[in-house]
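Going by my numbering, the first residue of the sequence shown is number 2, and it counts up by one from there. We put the beta carbon where it would ideally sit given N, CA and C, even for glycine.
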Amino acid sequence: MVSLASGATWAICAAATAAVLTRPFRWPEAIWAVLGAILLLLSGLIPLSAGLSAVAKGTDVYLFLIGMMLLSETAREQGLFDWVAATAAINAKGSTARLFLLVYVTGIVTTTFLSNDATAVVLTPAVYAAAKKGNAEPLPLLFACALIANAASFVLPISNPANLVLYGGKMPPLGQWFGSFALPSLAAIAVTYGSLRWIERKRLAGACECDVERDLLSSGGKAAFAGIAATALLLILMSAFDLPLGLPTCLAGLATTLGVCALARRSPIKLARSVSWSVLPLVAGLFVLVEALDRTGVIQHVAAALKASASDPAKGAAVAGTILAFTSNLMNNLPAGLVASTAVAQAHPPRLIIDSLLIGVDLGPNLSITGSLATILWLQAIRREGEDVGFWRFLKVGVVTMIPALAAALGARPADRLEGDTRWVLPGSSRSLPSQASFRRPAPP
Numbered sequence: 002m003v004s005l006a007s008g009a010t011w012a013i014c015a016a017a018t019a020a021v022l023t024r025p026f027r028w029p030e031a032i033w034a035v036l037g038a039i040l041l042l043l044s045g046l047i048p049l050s051a052g053l054s055a056v057a058k059g060t061d062v063y064l065f066l067i068g069m070m071l072l073s074e075t076a077r078e079q080g081l082f083d084w085v086a087a088t089a090a091i092n093a094k095g096s097t098a099r100l101f102l103l104v105y106v107t108g109i110v111t112t113t114f115l116s117n118d119a120t121a122v123v124l125t126p127a128v129y130a131a132a133k134k135g136n137a138e139p140l141p142l143l144f145a146c147a148l149i150a151n152a153a154s155f156v157l158p159i160s161n162p163a164n165l166v167l168y169g170g171k172m173p174p175l176g177q178w179f180g181s182f183a184l185p186s187l188a189a190i191a192v193t194y195g196s197l198r199w200i201e202r203k204r205l206a207g208a209c210e211c212d213v214e215r216d217l218l219s220s221g222g223k224a225a226f227a228g229i230a231a232t233a234l235l236l237i238l239m240s241a242f243d244l245p246l247g248l249p250t251c252l253a254g255l256a257t258t259l260g261v262c263a264l265a266r267r268s269p270i271k272l273a274r275s276v277s278w279s280v281l282p283l284v285a286g287l288f289v290l291v292e293a294l295d296r297t298g299v300i301q302h303v304a305a306a307l308k309a310s311a312s313d314p315a316k317g318a319a320v321a322g323t324i325l326a327f328t329s330n331l332m333n334n335l336p337a338g339l340v341a342s343t344a345v346a347q348a349h350p351p352r353l354i355i356d357s358l359l360i361g362v363d364l365g366p367n368l369s370i371t372g373s374l375a376t377i378l379w380l381q382a383i384r385r386e387g388e389d390v391g392f393w394r395f396l397k398v399g400v401v402t403m404i405p406a407l408a409a410a411l412g413a414r415p416a417d418r419l420e421g422d423t424r425w426v427l428p429g430s431s432r433s434l435p436s437q438a439s440f441r442r443p444a445p446p
């Protein structure tokens with residue numbers, strides 16, 4: 002029997018999530034997430050100490066986003082995106098379809114080595130500029146950015162923060178990772194491309210401009226590019242030593258911004274005012290909402306369901322991955338990953354089920370605009386350019402692309418995961434996975 006407090010918590014969380022999805026009065030998503038969190042605190046449904054602890058869990062995520070947003074805005078202001086856009090338009094050779102393919106492949110590389118959030122923050126403005134340079138319809142290209150940011154986010158463990166959340170910051174060895182996710186990743190990327198290409202076939206059938214003017218990259222633009230490249234190398238280096246990424250990324254973004262502004266003699270304060278800071282309270286609000294749900298006992302129910310599914314791992318994995326994929330669109334995949342991570346720590350399901358959960362939490366958000374943090378960042382980026390995509394418009398694309406891609410990815414899991422003992426235990430530990438959302442990269446095997 003559900004208690005009054007639990008029912009009230011669920012009602013507030015559901016209302017806040019619905020408001021984030023639909024944006025009543027066209028207010029930003031962050032307002033509704035924060036209002037929901039404040040209401041939970043004021044009503045006493047979650048203690049202040051627990052709320053602050055939930056907010057603190059996202060510290061590394063906040064720092065990472067700050068660094069990436071500063072890098073993006075610096076590059077934008079110095080014309081780096083315009084230069085990249087002109088280069089892409091020239092190499093498309095007059096074909097909108099070829100420009101679409103170039104964007105998609107660039108998104109794969111960016112997501113794989115810099116994370117899906119970087120694709121949303123850094124690549125999206127450049128793609129919009131490329132569409133304008135080439136006189137091409139921007140939305141098909143922008144959709145490519147949004148969808149590949151999630152479809153390619155389990156190529157490597159470092160491609161998505163949700164991977165680290167689900168495994169509690171301790172990832173399987175890379176050899177085991179590739180054994181589990183190489184084929185599903187290829188399936189997700191290929192099916193997403195084919196589905197989106199088919200949906201947008203009419204708008205991609207025409208020609209685009211290839212004779213565009215490409216100005217020389219300024220010294221500030223070169224410095225911004227160097228800052229982004231250095232940050233990518235820094236992420237790889239930190240990954241090798243299994244160190245947190247938030248603070249180094251933030252410092253790299255700050256250093257690049259200050260250095261470029263000094264070189265270009267521009268005010269860093271003016272640049273900072275152009276950054277979409279609202280994403281930070283949005284993430285904090287989501288952490289508080291999921292903490293409140295945790296206190297209602299929902300995670301115990303999820304853990305019990307995972308234990309029951311272990312009797313038939315193949316069927317249980319498909320069901321668990323599918324449910325989490327759709328659930329991620331109701332509460333965002335970051336808190337959904339936190340819930341799943343804690344439930345996994347309690348249930349100790351077979352590795353096949355854990356792998357399917359990761360596919361669901363990574364790929365599922367392609368269904369809706371609020372499914373993942375990367376998609377929310379993407380939405381903010383295109384709004385700055387004068388474009389907007391509503392919930393229903395994105396959903397129409399998401400239904401046709403995410404559902405077949407999810408089926409293909411789950412179906413591409415290696416059959417040998419069903420043989421023998423498929424459970425995976427953290428090295429040097431018992432069968433428990435920490436639930437703390439440590440934003441870390443895994444050390445190589």
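Report buried or exposed for residue i, applying the criterion of at least 16 other Cβ atoms within 10 angstroms of its Cβ.
i    : result
K58  : buried
L217 : exposed
F101 : buried
G52  : buried
F144 : buried
T23  : exposed
I13  : buried
K1   : Residue 1 is absent from the structure shown; the chain starts at 2 and stops at 446.
L72  : buried
D389 : exposed
A76  : buried
S492 : This structure leaves residue 492 out entirely; the chain is present only between 2 and 446.
A137 : buried
G37  : buried
S50  : exposed
E420 : Because E420 carries a pLDDT of 44, less than 50, the predicted location of this residue cannot be relied on, and the following value inherits that uncertainty. The residue is exposed, with fewer than 16 neighbouring Cβ atoms inside 10 Å.
W199 : exposed
D523 : The chain is shown only over 2 to 446; residue 523 falls outside these bounds and no answer can be derived.
P48  : exposed
G228 : buried
A150 : buried
P350 : buried
K397 : exposed
F395 : buried
Between residue i and residue j, what straight-line distance do the alpha-carbon atoms span, to the nearest angstrom?
i    : j    : result
L380 : W278 : 13 Å
A132 : A90  : 8 Å
L358 : S220 : 45 Å
A233 : A119 : 10 Å
C146 : L197 : 11 Å
P366 : G222 : 33 Å
Q503 : Q347 : Absent from the model: residue 503. The displayed extent of the chain is 2 to 446, so no value can be given.
L81  : A16  : 41 Å
L187 : I360 : 12 Å
I404 : P158 : 23 Å
T97  : V106 : 14 Å
G45  : A9   : 11 Å
V192 : T402 : 7 Å
W393 : I324 : 21 Å
L259 : G247 : 18 Å
L5   : R414 : 42 Å
L411 : L103 : 27 Å
A163 : K308 : 22 Å
S342 : L294 : 14 Å
P141 : I67  : 28 Å
D212 : R204 : 20 Å
T88  : A130 : 11 Å
A467 : F226 : The shown model of the chain, from 2 to 446, leaves out residue 467, and the question about it has no answer.
G1   : R215 : With the chain covering only 2 through 446, there is no way to say anything about residue 1.
V261 : T60  : 26 Å
E74  : A273 : 8 Å
L110 : S160 : Before going on, a small fix: residue 110 reads as Val here, not Leu. Between V110 and S160, the C-alpha separation is close to 10 Å.
What are the residues that DSSP puts in a beta bridge with residue i?
i    : result
S186 : Its beta-bridge partners do not exist; DSSP assigns none.
P139 : For P139, which the question treats as bridged, DSSP gives no partner whatsoever.
P158 : BP columns for P158 are empty, so no partner.
S96  : A208
Measure from the C-beta of residue i to each C-beta in chain C and report whether the shortest distance is under 8 Å.
i    : result
G195 : The structure shown contains no chain C; it is built from a single protein chain.
Next item on the list: Return the chain-ordered ranges of every beta strand (DSSP E) run that is complete within the stretch 270-335 and spans a minimum of 3 residues.
Entry: The stretch 270-335 contains no complete beta strand (DSSP E) run of 3 or more residues.
Check: Is the stretch 119-128 touching the stretch 318-326, taking contact as three or more C-beta pairs under 8 Å?
Finding: With a cut-off of 8 Å on Cβ pairs, the stretch 119-128 is not in contact with the stretch 318-326, counting fewer than three such pairs.
Notebook entry, point to check: In the stretch 194-234, which residue ranges form an unbroken alpha helix (DSSP H) of at least 4 residues, counting only runs that do not cross its ends?
Noted result: Whole alpha helix (DSSP H) segments, 4+ residues: zero.
Next item on the list: Check whether the stretch 18-33 touches the stretch 367-375, taking contact to mean three or more Cβ pairs, one atom from each stretch, closer than 8 Å.
Entry: Contact check between the stretch 18-33 and the stretch 367-375: three or more CB pairs, one atom from each, fall below 8 Å, which counts as touching.
Next item on the list: Counting only runs of 3+ residues fully inside the stretch 346-410, write out the beta strand (DSSP E) ranges in chain order.
Entry: Given a length threshold of 3 residues, the stretch 346-410 has no whole run of the beta strand (DSSP E) inside it.
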